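Beneath this line is the structure, given in structure tokens, with notes to follow.
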Amino acid sequence: MSSKKNLIRIYRALQRHFGDLQWWPAEEPFEVIVGAILTQNTNWKNVERAIQNLKKEKHLVPEKLYRARVGRIEALIRPSGYYRIKARRLKTFLEFLFNEYGGQVESMFLEDWRTLRSKLLAVNGIGEETADSILLYAGHKPVFVIDQYTRRIFTRHGLIDGNENYEEIQMFIMNRLPVDVPLYNQYHALIVNTGKQFCKKTPLCADCPLGRMMRTTTG
DNA sequence: TGCCAGGCCGGGT
DNA sequence: ACCCGGCATGGC
Numbered sequence: 001m002s003s004k005k006n007l008i009r010i011y012r013a014l015q016r017h018f019g020d021l022q023w024w025p026a027e028e029p030f031e032v033i034v035g036a037i038l039t040q041n042t043n044w045k046n047v048e049r050a051i052q053n054l055k056k057e058k059h060l061v062p063e064k065l066y067r068a069r070v071g072r073i074e075a076l077i078r079p080s081g082y083y084r085i086k087a088r089r090l091k092t093f094l095e096f097l098f099n100e101y102g103g104q105v106e107s108m109f110l111e112d113w114r115t116l117r118s119k120l121l122a123v124n125g126i127g128e129e130t131a132d133s134i135l136l137y138a139g140h141k142p143v144f145v146i147d148q149y150t151r152r153i154f155t156r157h158g159l160i161d162g163n164e165n166y167e168e169i170q171m172f173i174m175n176r177l178p179v180d181v182p183l184y185n186q187y188h189a190l191i192v193n194t195g196k197q198f199c200k201k202t203p204l205c206a207d208c209p210l211g212r213m214m215r216t217t218t219g
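Position 213 (the first sequence) corresponds to 213 in our numbering; numbering is contiguous.
Now the structure itself:
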């Protein structure tokens with residue numbers, strides 16, 4: 001059976017279990033961007049607290065965050081961890097947004113997304129996963145997001161070796177799926193949920209819907 | 001109660 | 001081109 005069919009079968013198994021996950025958990029694109037930076041190596045629950053603080057103080061707006069002092073941002077996002085470096089990263093992104101696009105998120109996404117991806121990667125504090133999360137979940141661009149869960153799950157089930165770099169895993173997946181933004185959106189969300197619930201570092205695949213599917217078919 | 005979470009950077013090899 | 005230490009809070 002081809003790898004393409006495998007990836008679609010994996011998707012269907014996870015989709016059947018989790019249903020539509022409606023990602024990204026945010027009200028608008030700027031909130032996605034802020035969340036993408038705050039969730040770097042951090043539990044999403046902690047990020048939610050930080051987001052709520054920003055909302056409560058009416059700071060989850062480009063203009064406000066751009067004007068705010070770093071110390072003020074640090075205080076609001078403290079629950080998300082790494083709060084000093086993340087406050088600086090938010091400021092750096094806001095400077096980029098205002099310098100290049102007049103502070104308008106919509107203007108930023110009018111740019112060719114490959115060009116935008118390069119520019120985002122040049123912003124200190126934005127790496128490949130954060131850039132791709134912004135492009136896919138805030139800008140609806142056709143790029144698949146790779147994270148530790150993706151690497152772990154695909155390694156565990158023998159789809160990749162595990163020592164591939166980000167781009168190699170991304171190409172492995174995108175070469176085997178149709179170019180489809182809603183599919184990329186939901187697929188990554190399904191992977192994250194699977195990783196959180198079933199695919200820990202310990203071999204605990206007992207009642208994992210993916211593990212069950214992989215065991216009960218010829219693959 | 002330690003271990004870990006939806007990474008990234010800068011310096012060293 | 002990799003490898004590593006540092007960054008930090010809160011949940012389970």
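Glycine is no exception: its CB is placed at the ideal position from the N, C-alpha and C atoms. No experiment lies behind these values; they were computed from the predicted model shown.
8 Å contact criterion, which V70 and I51 should meet: CB distance rounded:
Beta-carbon to beta-carbon, V70 and I51 are separated by about 18 Å, too far to satisfy the 8 Å threshold.
Own chain residues within Cβ distance below 6 Å of L89, not counting five before or after
Correcting the residue type first, residue 89 is Arg in the shown sequence and not Leu. Answer for R89: I37, G125, listed in chain order.
C-beta contact flag for A131 and R117 at 8 Å:
Yes, the pair counts as a contact, with Cβ atoms nearer than the cut-off.
Own chain, CB closer than 6 Å to A138, minus 5 neighbours either side, in chain order:
Residues of the same chain with a CB within less than 6 Å of the CB of A138, apart from the 5 flanking positions on each side, are P29, V32, I33 in chain order.
Name the two residues that bound the continuous alpha helix (DSSP H) containing I85.
I85 -> alpha helix (DSSP H) spans 83–101.
At which residue ranges does the stretch 99–130 contain complete alpha helix (DSSP H) runs of 4 or more residues, listed in the order of the chain?
For the alpha helix (DSSP H) assignment, the uninterrupted runs of no fewer than 4 residues enclosed by the stretch 99–130 are, from N- to C-terminal side, 105–110, 113–121.
At a cut of 8 Å, does the stretch 55–67 reach the stretch 101–112 through at least three beta carbon pairs?
Counting C-beta pairs closer than 8 Å gives three or more between the stretch 55–67 and the stretch 101–112, which meets the contact rule.
Which runs of the alpha helix (DSSP H), 4 residues or longer, sit entirely within the stretch 33–59?
44–56, all fully within the stretch 33–59.
Look up E27 in the DSSP assignment and say whether it is helix, strand or coil.
The answer is coil: DSSP assigns E27 none of H, G, I, E or B.
Cβ-based burial, D20 [other Cβ within 10 Å; buried from 16]
Burial call: exposed.
Could you have a look at V143 and say whether DSSP puts it in helix, strand or coil?
Coil.
For S80, does the count of other Cβ atoms within 10 angstroms reach 16, so buried, or fall short, so exposed?
Buried, since its Cβ has 16 or more Cβ neighbours within 10 Å.
Just the Cα atoms here: how many angstroms apart are K91 and Q186?
Taking the straight line joining both Cα atoms gives about 30 Å.
Since M214 and H157 are thought to touch, with beta carbons under 8 Å apart, how far apart are those beta carbons, to the nearest angstrom?
The beta carbons of M214 and H157 sit about 5 Å from each other, so the pair counts as a contact at 8 Å.
Near H188, which residues of its chain fall below 6 Å by C-beta distance, leaving aside the five closest residues on each side in sequence?
Closer than 6 Å at Cβ, skipping near neighbours: V145.
With a 10 Å radius around its C-beta and 16 neighbouring C-beta atoms as the bar for buried, classify K56 as buried or exposed.
With fewer than 16 other beta carbons inside 10 angstroms of its own, K56 counts as exposed.
Buried or exposed for T216, please, with buried defined as at least 16 other CB atoms from any protein chain shown within 10 angstroms of its CB.
Counting other Cβ atoms within 10 Å of its Cβ, T216 stays below 16 and is therefore classed as exposed.
So, for E74: in the same chain, excluding its five sequence neighbours on each side, which residues have a beta-carbon less than 8 Å away from its beta-carbon?
The residues are Y83, R84, A87.
CA nearest to the CA of F93, picked from R176, W113, L121:
Among R176, W113, L121, the Cα nearest to that of F93 is on L121.
Around the C-beta of T194, are 16 or more other C-beta atoms found within 10 angstroms, so that it is buried, or is it exposed?
Buried: at least 16 other Cβ atoms inside 10 Å.
Could you tell me the alpha carbon to alpha carbon distance between T39 and K5, rounded to whole angstroms?
The C-alpha of K5 is placed about 32 Å away from the C-alpha of T39.
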